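Here's the structure, in structure tokens; my notes come after.
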Ligand SMILES: Cc1ncc(COP(=O)(O)O)c(C=O)c1O
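In this note's numbering, the protein residues as written are 1 to 394.
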């Protein structure tokens, strides 16, 4: 059986286990193209590694800074595939990329400090900043043009401490060029800003444009770059809550460790999740690459179908497995659009609400592509039918 064929999807399991707006949370019959979480089972090597680890019956504490073999594997992977120049002693496994963002914000922001947050972008940026007592300042970004950061300084005040970079970008699906990232580094260096650099989507490159990590642009320049990676997207491990944070400077790393709570055991990653993450990097790259090929096909198919649907403007993502749809021409707000589709044609999408993505998301909705082609086709058929009903005023 092909890994990413529709027949490899276990819908019964998904209805029992896939939460966060997905199969286990929607009404029977609804197709959820919502949270960015694959419909496919994980690589068998990951299951094998968890089972092996369990076989002697011990689930003791792990090293406080994470299993050394995992830290080493992460550093090697980041260096060999993305040229990030990271060393294993400056990699900290944490219990999800989301947690990593909260740790970074908590480590560098004081109450009242401002952090520049792209708009739209995943809500975790704004929420992590606010939880640290910081104030998010929105920097508008758009799906149809590269950011040039020429006007970034207009958003910087004496209180600005950090810029939050999502590269590749959720929900716009963009990867940013070397030139753009150089410019960002220059401005941040000039104003002494930290960079929260989230690269959780960096394995799912769909287009011709290569992924460039800001960390590859030079060690010295990246002294204040604090990076996040996670295993939910590329390996389907969202339920295991595992990711990592890493940086280039020992003192900064110690700050992150303090903020993470791992030294007191209040923070840290479960042993099984670390074992799974290690197996993902060392044994399941083939799975992630085949998954990306499948997603590339899904994205091309979806763009083709969507471009024939009046009222919708779709953007081919450079990366990620989400698609950002501009629905303003339908005359509905984001929320009205998703409510309509859910009620009339049983298709669940994510509204471009301020809560999920920031004020600049209004008028758009997000669609997840991480499913089999049959489910995607049915989802797009439903969307087409819904648009037709909308036009007829039904
Ligand atoms: C940009 C970005 N960062 C972080 C996360 C959170 O990932 P995790 O499941 O590892 O917490 C997501 C999940 O959608 C994301 O899109």
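Ideal Cβ positions, reconstructed from N, Cα and C, are used throughout, including at glycine. In this text the structure is predicted, and so the values were computed from the model without any measurement.
Exposure of residue i, with buried meaning 16 or more beta-carbon neighbours within 10 Å
i           : result
residue 126 : buried
residue 83  : exposed
residue 61  : exposed
residue 37  : buried
residue 176 : buried
residue 80  : exposed
residue 142 : exposed
residue 159 : exposed
residue 95  : buried
residue 289 : exposed
residue 280 : buried
residue 106 : buried
residue 22  : buried
Beta-ladder partner(s) of residue i, from DSSP
i           : result
residue 67  : Partner(s): none; residue 67 has no beta bridge.
residue 25  : BP columns for residue 25 are empty, so no partner.
residue 313 : 326
residue 47  : Paired residue(s): none; residue 47 is not in a bridge.
residue 364 : 326
residue 197 : 165 and 227
residue 91  : 246
residue 303 : The partner list for residue 303 (beta bridge, DSSP) is empty, contrary to what the question assumes.
residue 157 : Answer is none; residue 157 lacks a bridge partner.
residue 350 : 366
Candidates the options, of which the one nearest residue i by Cα
i           : options               : result
residue 48  : 277, 67 and 365       : 277
residue 244 : 75, 348 and 43        : 75
residue 230 : 97, 210, 5 and 321    : 97
residue 121 : 339, 324 and 337      : 324
residue 147 : 184, 251 and 131      : 184
residue 123 : 66, 270, 357 and 377  : 357
residue 211 : 297, 180, 221 and 384 : 180
residue 205 : 194, 313, 295 and 3   : 295
residue 331 : 216, 310, 350 and 29  : 310
residue 193 : 110, 383 and 161      : 161
residue 78  : 140, 228, 34 and 21   : 228
residue 195 : 209, 226, 172 and 255 : 226
residue 188 : 171, 172, 155 and 169 : 155
residue 216 : 172, 393 and 86       : 86
residue 352 : 376, 129 and 327      : 327
residue 190 : 209, 168, 153 and 214 : 153
residue 387 : 336, 362 and 354      : 336
residue 151 : 186, 171 and 129      : 186
residue 110 : 272, 90, 118 and 131  : 131
residue 70  : 51, 168, 93 and 56    : 93
residue 9   : 306, 43 and 338       : 43
residue 364 : 355, 391, 313 and 383 : 313
residue 174 : 182, 333, 59 and 145  : 145
Any C-beta of chain C under 8 Å from that of residue i
i           : result
residue 321 : In summary, chain C is missing from the structure at hand, where a single protein chain is found.
heavy atom of ligand 3 below 7 Å from residue i C-beta
i           : result
residue 324 : Of the ligands one can find in the structure shown, namely ligand 1, none is ligand 3.
Any 3 or more C-beta pairs closer than 8 Å across the stretch 102-109 and the stretch 296-306: no
Given 8 Å, three or more beta-carbon pairs between the stretch 107-116 and the stretch 130-148: yes
Contact the stretch 189-207 vs the stretch 308-327: 3+ CB pairs below 8 Å: yes
Validate contact between the stretch 343-357 and the stretch 263-271 using beta carbons, cut 8 Å, 3 pairs: no
Inter-stretch contact (C-beta, 8 Å, three-pair minimum) for the stretch 23-42 and the stretch 366-378: Touching, yes.
Within the stretch 106-150, ranges of the alpha helix (DSSP H) (whole runs, at least 4 residues): 123-131
The stretch 50-64 in contact with the stretch 250-265 per 3-pair CB rule at 8 Å: Inter-segment contact for the stretch 50-64 and the stretch 250-265 is present: three or more beta-carbon pairs are separated by less than 8 Å.
Any alpha helix (DSSP H) of 4 or more consecutive residues that is wholly inside the stretch 236-298: You should have 250-260 and 271-283.
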